[in-house]
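Numbered per our numbering, the sequence shown spans residues 7 to 98. From the three backbone atoms N, C-alpha and C, an ideal C-beta is built for every residue, glycine too.
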Amino acid sequence: MKMAVEEYVSRIEEACGTAKTKDYVVILKHEKREEALKKALDKSRIIAEIRGVAVKASFKDREFTLFMNGRLMFKSLKDREELNTILKELLE
7 MKMAVEEYVS RIEEACGTAK TKDYVVILKH EKREEALKKA LDKSRIIAEI RGVAVKASFK
67 DREFTLFMNG RLMFKSLKDR EELNTILKEL LE
């Protein structure tokens, strides 16, 4: 993980995906949660929102879900390297 990612991310869990792609749940550090969510939302296009609960957004042709409790869910990524690249750009 790069510096910006380490500053905001507590841990990353791999979720079930298809054989060719992977899904990830990114858990933000509690004390940096609001700042990280704001950065990610400012750089993304909002697709749908359940106010106060979750936002479905798009960043560089990748859809993901931001949960206001500090979790981000990314689906259908190639690998962890692709996730790290996206996170670095979203959180810098």
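Item                                                                                                                                        : Value
How big is the Cα-Cα spacing for Glu-41 and Val-32?                                                                                         : 15 Å
Counting pairs of beta carbons, one from the segment 90 to 97 and one from the segment 59 to 72, are three or more of them closer than 8 Å? : yes
By Cβ distance, which residues of its chain are closer than 8 Å to Ala-60, with the 5 residues on each side in sequence left out?           : Thr-71, Leu-72, Phe-73, Met-74
What residue range is occupied by the uninterrupted alpha helix (DSSP H) comprising Met-9?                                                  : 9 to 14
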